[in-house]
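In order, the protein sequences belong to chains A, B and C.
Its first residue numbered 7, the first sequence is counted upward by one per residue in my numbering.
Its first residue numbered 7, the second sequence is counted upward by one per residue in my numbering.
Its first residue numbered 7, the third sequence is counted upward by one per residue in my numbering.
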Amino acid sequence: SANGFGLESADGKNAIKLRGLFQSDYRSYQDGANDVRNRSNARAGNLDANGFHDANDTALLRRVRPTIEGTLFGKYDFRFTPELAGGNATVIDAYLDARLDPAFKIRAGKYKPFVGLERLQGGGDIKFVERSYVTNAILPNRDLGVSVYGDVLGDKLNYAFGVNNGVVDGGNASGTSEFDGSKEFTARLFATPFKDETNALSGLGFGIAGTTTNIDGERNLNFTDTSAADATRNGLPSYVTDGQQTFFRYGSATVADGKRTRIAPQASYYYGPFGLITEYARVKQDVSLSTGGSASGGGSGGNTVITPGTSKSLSHDAWQVAVSYLLTGEDASFRGVKPKNNFDIDKGGWGAWELVARYSEINLDSDTFKNKAGTSFSANTYADLSTSAKSAKSWTAGVNWYLNQDVKAQLNYSHTTFDGGAGVGVTAVNAAGTNIRDRQSENALLARLQVAF
Amino acid sequence: SANGFGLESADGKNAIKLRGLFQSDYRSYQDGANDVRNRSNARAGNLDANGFHDANDTALLRRVRPTIEGTLFGKYDFRFTPELAGGNATVIDAYLDARLDPAFKIRAGKYKPFVGLERLQGGGDIKFVERSYVTNAILPNRDLGVSVYGDVLGDKLNYAFGVNNGVVDGGNASGTSEFDGSKEFTARLFATPFKDETNALSGLGFGIAGTTTNIDGERNLNFTDTSAADATRNGLPSYVTDGQQTFFRYGSATVADGKRTRIAPQASYYYGPFGLITEYARVKQDVSLSTGGSASGGGSGGNTVITPGTSKSLSHDAWQVAVSYLLTGEDASFRGVKPKNNFDIDKGGWGAWELVARYSEINLDSDTFKNKAGTSFSANTYADLSTSAKSAKSWTAGVNWYLNQDVKAQLNYSHTTFDGGAGVGVTAVNAAGTNIRDRQSENALLARLQVAF
Amino acid sequence: SANGFGLESADGKNAIKLRGLFQSDYRSYQDGANDVRNRSNARAGNLDANGFHDANDTALLRRVRPTIEGTLFGKYDFRFTPELAGGNATVIDAYLDARLDPAFKIRAGKYKPFVGLERLQGGGDIKFVERSYVTNAILPNRDLGVSVYGDVLGDKLNYAFGVNNGVVDGGNASGTSEFDGSKEFTARLFATPFKDETNALSGLGFGIAGTTTNIDGERNLNFTDTSAADATRNGLPSYVTDGQQTFFRYGSATVADGKRTRIAPQASYYYGPFGLITEYARVKQDVSLSTGGSASGGGSGGNTVITPGTSKSLSHDAWQVAVSYLLTGEDASFRGVKPKNNFDIDKGGWGAWELVARYSEINLDSDTFKNKAGTSFSANTYADLSTSAKSAKSWTAGVNWYLNQDVKAQLNYSHTTFDGGAGVGVTAVNAAGTNIRDRQSENALLARLQVAF
């Protein structure tokens with residue numbers, strides 16, 4: 007049942023399948039701080055020296071995604087996937103695939119834009135509890151629009167081009183219409199030139215992807231009489247650690263104001279029980295400071311007005327290398343693992359066991375934390391180095407236990423260090439910004455029980 | 007698979023079906039302005055002379071509705087339909103049908119109250135991308151309650167009577183309990199007197215429907231410490247164009263304050279490949295001005311207090327005529343189209359092609375924009391003519407391509423003109439209100455890809 | 007089809023089932039007041055002498071829960087249940103059951119923690135329209151975490167131990183991560199010692215359950231620029247009547263501040279057509295008063311600061327006795343009823359008919375309404391006796407009509423009296439608090455149509 011439960015018509019041209027992905031997680035923090043935003047609004051007495059809470063241990067539902075998918079008239083595939091984890095249910099995937107030809111397919115609706123390699127790996131197939139900074143912090147998650155894609159050159163080259171609404175770094179479009187009319191263009195080429203051979207290179211794939219758009223954010227973060235604050239209307243992302251704690255936010259005056267481009271070279275390699283995935287991503291984002299918009303104390307506020315002379319183009323980048331090894335002899339692949347022997351106490355099977363390790367880091371443009379003139383770290387910056395960190399570097403090691411094709415347990419230990427983000431050592435930020443303290447290292451244990459069918 | 011994928015028991019008395027409706031839309035505006043409310047709270051510099059933004063081009067999910075429906079013990083039908091399009095998933099339909107007799111059925115839960123003809127046509131069967139002003143702006147969409155209905159006089163007369171919570175014009179009840187305890191009564195008669203004949207009149211149907219209730223709105227639009235603002239508690243609607251841009255809102259002091267009645271004569275006609283639908287609707291709504299309620303700057307505010315002498319009864323109306331013609335020879339009907347030849351590049355089939363055209367308009371009571379005494383357009387009016395338009399008139403032309411019974415592409419071009427709604431030509435509103443400028447005409451291209459099974 | 011519609015693999019080890027629960031309710035109040043919080047923010051003129059609105063009659067969707075459940079590899083059960091009733095869809099159940107042994111099963115995800123007896127009865131099987139105060143007001147509803155459970159001693163003793171995030175009284179965890187890191191431990195033992203015998207005791211079951219945790223609430227009730235107010239972050243519940251009107255809320259300065267323990271002895275008894283369920287629950291909650299947090303007029307506010315010397319431990323308790331009798335001769339049980347003759351007008355079947363009656367009450371610690379020193383009812387109390395009642399006592403009588411195994415109609419009449427909660431008889435609260443008036447008695451008619459398969 008790794009392929010879901012299905013019904014099909016006698017001629018096989020119409021079919022429907024019920025599938026599901028369920029992940030129940032537990033996060034435990036030995037060390038580490040919570041969201042930068044929560045430094046106020048909190049219980050007195052629980053705060054560390056830098057004003058942070060400890061990150062809170064918690065059980066949570068990470069993904070709860072019943073799926074209906076199917077094929078109509080042999081050529082038209084559809085997929086409906088709600089996301090039930092989290093406070094309110096939303097749609098995570100809803101698209102139509104028109105498979106006009108293996109070399110020319112059209113996908114329309116809400117889907118993963120064809121950009122990041124690790125993102126395109128299914129949420130039930132990823133080797134770690136959470137994806138790397140490349141995927142979560144820089145590249146798009148889900149977007150609305152249309153893509154053409156297909157396999158050419160003897161199925162050795164996969165191409166994809168898309169026109170989408172556009173989402174912030176790591177962003178997941180909500181399904182509703184956009185507040186900014188500019189489209190985001192995506193492109194990706196991924197080659198598997200040796201796939202038909204039977205040598206050590208047959209499992210090698212590599213490619214490159216990119217996105218480009220213009221985006222004008224609004225300083226519209228406050229509640230009005232008839233609509234709630236929308237923290238995403240500034241057109242800018244926040245970034246989270248491997249333990250899913252926010253360590254970087256732009257300042258409230260900062261808005262996206264112009265071009266955003268991303269580029270992401272990527273590769274994967276599978277050989278017997280060994281797997282490797284590596285990816286790099288750079289985003290270049292034009293930002294400006296603004297006034298207006300946010301009326302303190304509620305109310306509708308005024309128009310967003312860009313402060314003259316504050317435009318700057320910021321470049322952030324991230325990369326990762328991740329390896330996996332199946333101890334029980336199964337072949338590694340981009341997809342899930344089917345154990346040779348299922349776990350069964352009575353019959354003595356132990357399932358499949360896999361060890362994984364990853365290094366991933368993200369580095370923000372140092373101009374993010376300086377004013378336009380480069381003379382100050384404390385006034386008119388795009389983000390505040392004393393609350394937001396400039397970089398995060400994570401080592402993650404883990405073990406995956408595949409009880410059978412459908413049930414999996416995962417355990418990751420993650421160690422993350424930061425540059426900046428935790429207040430000022432002396433009284434005021436010095437001219438070089440070098441007296442800013444580092445956010446406390448994060449040591450997190452991430453556990454997961456998964457059912458996927 | 008136009009009837010979904012199903013399972014049934016051996017005796018056929020218990021059955022369940024999976025169905026789905028998916029619509030991925032794109033909206034492009036050659037001309038046209040955005041929501042009246044967004045005239046402030048926006049990027050400076052993007053605004054037109056009248057303070058509007060251009061309407062934003064966008065891709066969006068319009069309907070994403072996986073459905074479970076079925077029959078129990080041969081007589082009891084049920085239907086569960088979530089709506090996954092939009093920010094958060096909600097329930098769009100959830101009801102029980104007890105088919106005690108063809109002439110006496112009971113429906114309870116959340117459903118389309120039996121009122122508007124075009125509304126009762128399925129969201130996957132409508133001939134245009136968006137329904138007309140009659141349906142979207144005046145008549146109810148979904149409500150909670152119970153209806154009895156059935157076919158009598160040799161199935162030539164369909165009747166329906168309902169008792170519901172009541173919804174504002176075009177409104178979709180949320181599934182939760184009501185803040186106003188008055189019920190809305192609905193009634194509808196629809197005749198197809200020649201349905202058993204085989205002449206040019208056999209496809210003719212006509213009828214009339216109405217609703218009546220009392221509703222007292224509250225001036226409670228602000229956030230309180232424990233609940234979010236609810237823009238619908240004033241008991242009044244806003245109205246959108248064919249391009250789905252809001253062009254009319256009541257003023258913040260205006261609340262529903264008394265009787266609301268609606269009446270809607272309606273007819274449809276199908277003859278060979280030709281189809282016609284026409285409908286008129288009038289709503290009469292008692293309103294008053296109020297003070298209190300909305301405390302500026304957050305906080306809980308005070309009670310709603312009706313300002314003495316401000317009660318007025320406003321009558322708005324809308325109508326539409328829409329025609330369709332199937333070029334490929336299929337028969338038109340109230341339901342979907344099954345092409346004679348499915349689209350298939352290899353075999354040379356081209357599906358079914360249909361041309362459609364519609365005229366629809368809405369006219370608001372001119373008293374809406376005058377004060378009680380009828381002496382001023384600028385103070386103590388129920389809506390502001392310099393931001394909200396008094397009428398909208400839309401021409402829509404389109405083409406529908408049915409690739410097969412389940413997959414459809416639609417393209418509509420819509421041209422809308424307005425009366426009022428875009429600021430004052432001279433310095434102040436004159437006594438007659440004649441110097442108010444018209445909102446910019448809207449020219450919109452609405453495209454859709456649809457899967458329905 | 008009382009067991010849903012299903013598909014299974016040839017060996018029966020993999021199976022999936024579609025199930026559904028639909029409840030369309032109507033609530034009508036002959037007497038009774040609305041939520042304590044709504045005493046302001048309302049239409050002037052509708053208020054009673056004590057500042058309350060009348061409770062509003064309403065139709066509503068109470069439960070709309072399509073469910074996908076199944077079994078993988080013969081041992082791993084899963085269940086996905088969204089709740090579509092209410093404004094936004096959420097997840098109500100999402101868990102994995104690993105049935106390693108009948109005496110040792112593991113459940114992980116979001117589920118009903120094994121605590122209350124009436125809570126563990128399915129929402130489609132309960133004998134009354136709404137559960138008692140024991141269940142709705144004191145014991146947990148749904149939580150996130152993991153439990154081990156099983157049947158031992160010849161299946162005569164069921165045990166369960168759980169570690170969960172923890173929820174407030176009657177609370178339903180949202181699926182997202184927690185703001186307070188402390189775990190809640192749950193335990194339950196339930197014995198059916200005579201189940202294998204065929205005497206009058208064979209239908210007897212009894213047990214005891216409890217929970218314990220620490221919880222530090224935050225005074226963080228206001229909207230900030232980027233997040234909405236979360237009324238639950240104080241870590242404290244509100245309580246509703248049998249008619250689902252809130253009659254008790256803690257004051258805005260009160261926060262959970264320490265230990266919370268619950269204990270719940272419970273028993274059920276079924277003999278022929280007769281059924282009985284009885285349950286008691288006591289919760290002991292440490293609370294304190296606080297300052298800070300809630301900045302009036304929006305804004306982010308400051309840290310929660312506990313006011314020294316205001317800590318107190320409050321004990322609230324509730325109990326219920328409920329009986330049911332099947333007039334049509336079916337056997338009563340903890341689960342649903344399968345009629346001997348289905349309702350069928352043509353064949354003359356009338357379904358199954360059942361009479362039910364219940365007494366249930368809740369009593370709050372009188373210290374809740376006094377200041378720390380016990381000298382005042384009007385200042386520095388944990389809740390305000392002039393708006394919140396100190397106790398609620400409900401008599402409920404009803405009739406259930408089972409048309410068949412899947413379709414049910416229910417009608418309950420409920421009479422509730424209160425102690426306190428409706429203003430001050432004289433000018434100011436006297437020293438003993440004895441001059442506080444009682445909230446108006448509530449007389450409610452609760453009706454339901456249900457489909458469950």
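Quick reminder that beta carbons are idealized off the backbone N, C-alpha and C, glycines included.
Let me see if you follow: with CB-CB separation under 8 Å, is residue i close to chain C or not?
i	result
Ala91 of chain A	yes
Phe383 of chain A	no
Asp412 of chain A	yes
Ala95 of chain A	yes
Counting only beta-carbon atoms, is residue i nearer than 8 Å to chain A?
i	result
Gly151 of chain C	yes
Ala508 of chain C	Nothing about residue 508 of chain C can be read from this structure; chain C reaches only from 7 to 459.
Phe86 of chain C	yes
Thr334 of chain B	no
Ser258 of chain C	no
Does the distance from the CB of residue i to the CB of residue j come in under 8 Å?
i	j	result
Ala395 of chain B	Gln251 of chain B	no
Ile368 of chain C	Ala398 of chain C	yes
Thr402 of chain C	Asp248 of chain C	yes
Asp444 of chain A	Ala458 of chain A	no
Ala1 of chain C	Gly156 of chain C	This structure does not reach residue 1 of chain C, given that chain C is present from 7 up to 459, and the question cannot be answered.
Val121 of chain A	Thr238 of chain A	no
Thr198 of chain C	Lys162 of chain C	yes
Lys290 of chain A	Ser321 of chain A	yes
Gly357 of chain B	Tyr408 of chain B	yes
Val135 of chain A	Asp31 of chain A	yes
If you reduce the DSSP assignment to three classes, tell me which class residue i lands in.
i	result
Val430 of chain C	strand
Tyr256 of chain A	coil
Glu494 of chain B	Only positions 7 to 459 of chain B appear in this structure, which leaves residue 494 of chain B out of reach.
Asn386 of chain B	coil
Ser30 of chain C	strand
Glu136 of chain B	coil
Leu90 of chain B	coil
Glu224 of chain B	coil
Could you tell me which residues DSSP pairs with residue i in its beta bridges?
i	result
Asn178 of chain C	C:Arg148
Asp425 of chain B	B:Ser397
Gly115 of chain B	B:Tyr101 and B:Gly151
Leu67 of chain B	B:Ser30
Asp337 of chain B	Bridge partners of Asp337 of chain B: none, in fact.
Phe191 of chain A	A:Val169 and A:Thr218
Lys265 of chain A	A:Asn220
Does the CB of residue i have a neighbour CB from chain B at under 8 Å?
i	result
Gly342 of chain C	no
Val135 of chain C	no
Asp231 of chain A	Confidence in Asp231 of chain A is poor, its pLDDT being 48 and thus under 50, which makes the residue's placement too unreliable to answer from.
Pro271 of chain A	no
Pro108 of chain A	no
Phe459 of chain C	yes
Val70 of chain C	yes
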